[in-house]
Amino acid sequence: MRDSLDRLAARASDEGLLDVAYATADSPFGPLLLARTRRGLVRVGLPNQDADVLLLDLATRVSPRVLESPAQLDQARRELDLYFEGRLTEFDLPLDWQLSRDFRRRVLRAIARIPYGQTRSYTQMATRAGNERAVRAAGTACGTNPLPLVVPCHRVLRSGGALGGYGGGLPMKEGLLRLEGILDS
Amino acid sequence: MTALPPFQTLIDEHAGDVMAVCRGTVGRSDADDCFQETFIAALRAYPKLQDGGNLRGWLVTIAHRKAIDHHRARGRRAVPVAEVAAVTVTDPEPDGDIWAAVGTLPPKQRAAVTLRYAGDLPHSEIAAALGCSPEAARRSLHEGLKRLRKELA
Numbered sequence: 014m015r016d017s018l019d020r021l022a023a024r025a026s027d028e029g030l031l032d033v034a035y036a037t038a039d040s041p042f043g044p045l046l047l048a049r050t051r052r053g054l055v056r057v058g059l060p061n062q063d064a065d066v067l068l069l070d071l072a073t074r075v076s077p078r079v080l081e082s083p084a085q086l087d088q089a090r091r092e093l094d095l096y097f098e099g100r101l102t103e104f105d106l107p108l109d110w111q112l113s114r115d116f117r118r119r120v121l122r123a124i125a126r127i128p129y130g131q132t133r134s135y136t137q138m139a140t141r142a143g144n145e146r147a148v149r150a151a152g153t154a155c156g157t158n159p160l161p162l163v164v165p166c167h168r169v170l171r172s173g174g175a176l177g178g179y180g181g182g183l184p185m186k187e188g189l190l191r192l193e194g195i196l197d198s
Numbered sequence: 002m003t004a005l006p007p008f009q010t011l012i013d014e015h016a017g018d019v020m021a022v023c024r025g026t027v028g029r030s031d032a033d034d035c036f037q038e039t040f041i042a043a044l045r046a047y048p049k050l051q052d053g054g055n056l057r058g059w060l061v062t063i064a065h066r067k068a069i070d071h072h073r074a075r076g077r078r079a080v081p082v083a084e085v086a087a088v089t090v091t092d093p094e095p096d097g098d099i100w101a102a103v104g105t106l107p108p109k110q111r112a113a114v115t116l117r118y119a120g121d122l123p124h125s126e127i128a129a130a131l132g133c134s135p136e137a138a139r140r141s142l143h144e145g146l147k148r149l150r151k152e153l154a
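Quick mapping for you: the protein sequence lines, in order, are chains A and B.
Going by my numbering, the first sequence opens with residue 14, and the numbers climb by one from there.
Going by my numbering, the second sequence opens with residue 2, and the numbers climb by one from there.
Here it is, written out as structure tokens:
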């Protein structure tokens with residue numbers, strides 16, 4: 014049966030019927046869910062997020078043609094592995110931004126440009142996205158980031174240096190900031 | 002109307018049943034082709050499916066259609082050979098004898114028995130898949146079972 018299923022996934026991809034491919038990946042914080050479209054990585058699910066809920070959301074908002082297909086996520090998995098080992102400071106993955114819109118997407122694009130090992134404030138991100146007063150909305154954009162880790166919302170802190178929140182839980186945010194040398198380990 | 006779940010859910014939950022229907026209708030050696038054709042056709046049609054309510058029945062019905070396609074294609078491909086090689090097929094599954102006997106039934110009885118017992122479809126859905134009345138589906142099933150009982154006695 015395993016062979017049949019592998020053949021099916023390969024053929025679905027060849028025939029252009031694989032709209033969303035997903036796989037799980039290990040991380041020091043627990044299993045991640047990775048999902049991509051033909052355009053690029055579309056969703057990263059953190060360990061504390063329910064994979065079934067995320068997949069149902071993808072089926073509803075992107076396409077119900079959602080198939081588990083680990084081979085399609087090889088590059089993303091490799092880069093994340095290197096990142097967690099401290100050997101990769103910049104992701105080189107095509108991204109599909111379709112799960113965020115308008116102001117939130119502008120905030121996330123600005124976050125994607127924060128260099129490894131540095132932090133910015135929510136106010137700075139709101140300003141970059143074109144509305145310096147929309148600090149709370151910038152926080153929401155971080156909280157609903159569909160591509161955490163790769164779009165490094167963990168590098169956004171409150172003005173004054175307080176950690177703020179994190180979709181994957183604060184211990185994970187602290188862990189990532191330690192990994193990047195922003196917090197002392 | 003029920004929202005469509007991720008297609009992977011259909012595979013996780015129903016791949017075994019679809020494979021059983023394929024084995025029952027086209028036989029073990031061609032079952033994987035039937036299985037692939039079924040899920041590719043389902044995947045192609047899936048986003049336009051109106052209702053995610055009875056996905057299992059929908060898949061089994063597609064499998065049945067693919068089995069018919071397979072039999073037709075096979076009829077066209079058939080070439081006369083001088084001698085048929087004697088091959089003994091050993092079946093590792095406990096139900097092997099039964100499904101081998103199912104394979105010898107006339108097409109309609111074979112389909113009715115497979116859809117009922119491998120596909121677990123009710124009479125009304127078997128009738129829809131076979132394109133006949135529920136009464137005729139019931140009759141095909143009954144005749145098929147009678148013949149099997151005799152065969153396996």
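Just so you know, even glycine gets a beta-carbon here, dropped at the ideal spot from N, CA and C.
- Assignment of alpha helix (DSSP H) within the segment 87-150 of chain B, counting only whole runs of 4 or more residues, yields 97-103, 108-118 and 124-131 in chain order.
- Straight-line spacing of the CA atoms in B:Gly28 and B:Ala129 works out to 22 Å.
- In this structure B:Gln51 is exposed. Its beta-carbon is surrounded by fewer than 16 other beta-carbon atoms within 10 angstroms.
- At a cut-off of 8 Å, the C-beta of A:Leu54 has no neighbouring C-beta in chain B.
- Bounds of any beta strand (DSSP E) do not take in A:Ala125; it lies within the alpha helix (DSSP H) bounded by Asp115 to Ala125.
- Counting C-beta pairs with one atom in each stretch, the segment 146-160 of chain A and the segment 86-93 of chain A have fewer than three that are closer than 8 Å, which means they do not touch.
- Under a criterion of Cβ atoms nearer than 7 Å, no residue of chain B is adjacent to A:Val75; the nearest Cβ is some 10 Å distant.
- Buried is the label assigned to A:Ser82, since at least 16 other Cβ atoms lie within 10 Å of its Cβ.
- No Cβ of chain B is located within less than 8 Å of the beta carbon of A:Ser26.
- Within the segment 13-84 of chain B, the complete alpha helix (DSSP H) segments at least 4 residues long are 32-46 and 56-78, listed from N- to C-terminus.
- Interface with chain B (8 Å Cβ-Cβ cutoff): A:Leu46 is excluded.
- According to the DSSP assignment, A:Glu92 belongs to no beta strand (DSSP E) but to the alpha helix (DSSP H) extending over Asp87 to Phe97.
- Under a 10 Å Cβ-count criterion, B:Leu131 is classified as buried, with 16 or more other Cβ atoms of the shown protein chains found around its own Cβ.
- Taking C-beta atoms under 8 Å as the contact rule, A:Leu67 and A:Arg49 fail to qualify, at a distance of about 13 Å.
- Interface annotation for the segment 132-148 of chain B against chain A: empty, criterion Cβ-Cβ distance under 8 Å.
- About 6 Å separates the Cβ atoms of B:His65 and B:Leu116, confirming a contact at the 8 Å cut-off.
- In this structure, the beta-carbon distance from A:Leu47 to A:Leu86 falls below 8 Å.
- Short of 7 Å from the beta carbon of A:Arg191, and not among the five residues preceding or following it, lie these beta carbons of its own chain, in chain order: Ser198.
- At least one C-beta of chain B is nearer than 8 Å to the C-beta of A:Ala72.
- Taken through DSSP and simplified to helix, strand or coil, A:Gly58 comes out as strand.
- Those residues of the segment 52-73 of chain B placed with their C-beta closer than 7 Å to a C-beta in chain A do not exist.
- In this structure the segment 31-39 of chain A does not touch the segment 127-146 of chain A; the number of beta carbon pairs closer than 8 Å is below three.
- Here the alpha carbons of A:Val169 and A:Tyr135 stand approximately 6 Å from one another.
- When 8 Å is used as the limit between beta carbons, A:Met14 is near these residues of chain B: Ala16, Gly17 and Met20, in chain order.
- Within the same chain, Cβ atoms closer than 8 Å to the Cβ of A:Gln131 are found at Arg168 and Ile195, the five residues on either side in sequence being excluded.
- Straight-line spacing of the CA atoms in A:Gly53 and B:His15 works out to 29 Å.
- Closer than 8 Å to the CB of A:Leu86 there is not a single CB belonging to chain B.
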